Amino acid sequence: MTDPRVDTLCREIAGDLGVPVAADEPLARWTTMGVGGPARWAFFPPDTERLLATWRALREGPLPVRVLAGGSNVIVADEGIDAAVIVLGRAGGTIRREGNELVADATVPFPALVRRAAEEGLAGLAFAEGIPGRLGGAVRMNAGTGAGELADVLAEVEVADAAGRVRRHRPGPGDFGYRESFVAREGLLVLRARLALVPADPAEIRAEMEERRARRRATQPRGRSAGCIFRNLPGQPVGAIVDRLGLKGTRIGDAAISTEHGNFIVNLGHARAADVLALVDLVREKVARETGLEPHLEVEIWRDPR
Ligand code: EPU
206 MTDPRVDTLC REIAGDLGVP VAADEPLARW TTMGVGGPAR WAFFPPDTER LLATWRALRE
266 GPLPVRVLAG GSNVIVADEG IDAAVIVLGR AGGTIRREGN ELVADATVPF PALVRRAAEE
326 GLAGLAFAEG IPGRLGGAVR MNAGTGAGEL ADVLAEVEVA DAAGRVRRHR PGPGDFGYRE
386 SFVAREGLLV LRARLALVPA DPAEIRAEME ERRARRRATQ PRGRSAGCIF RNLPGQPVGA
446 IVDRLGLKGT RIGDAAISTE HGNFIVNLGH ARAADVLALV DLVREKVARE TGLEPHLEVE
506 IWRDPR
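This is the structure we're talking about:
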């Protein structure tokens, strides 16, 4: 789409809402994997109000709209994307306590929320120690570990639909699954979430977090990555299968299957998205051949429809 009126419209929207905007913004700098090309337009709403206003305005326009929260679960293609991307990486947000609940903006860094719960002496989030990203992204993908998932403690989610209508939703059966949610299924924007936690001794919470941090450090790479690439197969962790197949350390360009964890691909420096995606395909193929089952991506791959 090269219609210059679209560009004029994007500038106007940004100007009207007082939201910083950039053309041809390299998305590599907003993702933890650190690969990929530019977004035609990137909007940087500083708070939830302007996030919602930007969403509403862009939804009425001609460009596809995407939201990049913490960028820790996204691999952007080298060609970039012809879309308006709402980037939350510069946004602030608040967390407030109400009884034993924490109410937080979707823009809040998820680790900050986990830390705050511990400080408040509220248990229920220690499972999430070490999960990066922003709360909105964590809700969207039902972020979790072997010890629990966000849906376990989500009391309410405030969302906007594609038409910009806002509603509060109390999650019920079927709303969340293993690394998936109604938010992603219905193309919603997360605005806020309310977490129901349980009072506990802060020292005990911190001790559990410390233990989880140590385990994560011992089993997962520290460099640039997008976390686990594939969802596990039923009863079969993809990392273990890749390990068994002897694929750890396989390298294409500057991308490599982690030597520490088989379900991670790391950017060793100047990887291209094409290198990373070639490794993704290689793992998918080998795992499918080994198990007879097609592993499903846990990360999102962003590219224009061909
Ligand atoms: N394993 C190996 N070799 C490897 C990797 C794993 O043999 O290279 C074995 C482990 O020894 C263990 C089993 O596979 O017996 C499972 O591994 P791990 O405990 O590391 O957990 P996982 O199932 O691979 C899940 C989440 C992670 C989360 C960890 C920790 C998924 C896809 N991944 O990994 O989440 O951090 O549990 O609880 O469910 C992410 O979502 O991005 C992510 C990294």
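Using the working numbering, the first residue of the sequence shown is number 206, and each one after it goes up by one.
Just so it is clear, CB atoms sit at the ideal spot from N, CA and C, and this is done for glycine as well.
Nothing here was measured: the structure is a model prediction, and the numbers come from that model.
> According to DSSP, what are the bridge partners of A365?
Replying inline: V371, L394
> Looking at the structure shown, is F249 part of a helix, part of a strand, or coil, going by DSSP?
Replying inline: coil
>> Taking the beta carbon of E284 as the centre, do at least 16 other beta carbons fall within 10 Å, making it buried, or is it exposed?
In response: exposed
>> Our contact map puts W260 next to G351 with C-beta atoms below 8 Å; I'd like the distance itself, whole angstroms only.
In response: That pair is no contact at about 34 Å.
>> From the DSSP secondary-structure annotation, give me the bridge partner or partners of I286.
In response: A244
> According to DSSP, is P499 helix, strand or coil?
Replying inline: The question names Pro, yet the displayed sequence has Glu at residue 499. Residue state, collapsed to three classes: coil.
>> Distance check for G497 and A365, CA to CA, integer angstroms please.
In response: 39 Å
> Going by the C-beta, is N468 closer than 8 Å to any heavy atom of ligand 1?
Replying inline: yes
> Expressed to the nearest angstrom, what Euclidean distance is found between the alpha-carbon atoms of L359 and A398?
Replying inline: 7 Å
>> Using 9 Å as the threshold, is the C-beta distance between A288 and V270 below it?
In response: yes
> Hey, V272 and A478 are a contact pair by Cβ (cut 8 Å); roughly how many whole angstroms apart?
Replying inline: Incorrect: roughly 19 Å between the Cβ atoms, too far for contact.
> For R295, which three-state DSSP category applies?
Replying inline: coil
>> On a Cα-Cα basis, can you pick out the residue from E265, P510, R373, V279 that is closest to M346?
In response: V279
> With burial defined as no fewer than 16 other Cβ atoms inside 10 Å of the residue's Cβ, what is the status of D480: buried or exposed?
Replying inline: buried
> Ordered along the chain, which non-local residues of its own chain (more than five positions away) have a Cβ less than 6 Å from that of R436?
Replying inline: R384, H501, E503
>> Report the CB separation of G276 from T312 in whole angstroms; it is logged as a contact under 8 Å.
In response: No, G276 and T312 are not in contact; Cβ-Cβ is about 13 Å, not under 8 Å.
> Taking just the CA atoms, how far does V319 sit from E254?
Replying inline: 23 Å
> Which same chain residues, not among the five before or five after P225, have their C-beta less than 6 Å away from its C-beta?
Replying inline: F249
> From which residue to which residue does the beta strand (DSSP E) around P267 run?
Replying inline: It is not in any beta strand (DSSP E) - P267 carries neither H nor E in the DSSP assignment.
> Can you find a heavy atom of ligand 1 that lies under 8 Å from the Cβ of T424?
Replying inline: yes
>> So R295 and P314 are supposed to be a Cβ contact under 8 Å. How far apart are they, rounded?
In response: Contact doesn't hold; Cβ gap of about 12 Å is too wide.
>> Give me, in chain order, the residues of the same chain whose beta-carbon lies closer than 6 Å to that of G239; leave out the 5 immediate sequence neighbours on both sides.
In response: A233, R429, N472
> For ligand 1, is there a heavy atom less than 8 Å away from the beta-carbon of R384?
Replying inline: yes
> If you drop the 5 nearest sequence neighbours on each side, which residues of the same chain put their C-beta closer than 6 Å to that of I457?
Replying inline: D480, A483, L484
>> Judging by CA-CA distance, which residue of A317, N305, W246 is the nearest neighbour of G326?
In response: N305
> Under 8 Å from any heavy atom of ligand 1, does the C-beta of A352 make it?
Replying inline: yes
> Comparing alpha-carbon positions, which option in V447, G440, A423 lies nearest I434?
Replying inline: V447
> Do P426 and T455 have their C-beta atoms closer together than 9 Å?
Replying inline: no
> At what residues does the alpha helix (DSSP H) containing E324 begin and finish?
Replying inline: 315-324
>> Please give me, in chain order, every unbroken run of the beta strand (DSSP E) with length at least 3 that falls completely inside the segment 395-442.
In response: 429-433
>> Taking 6 Å as the limit between beta carbons, can you name the residues of its chain near G467, skipping five residues before and five after?
In response: G444, V447, D448, K453
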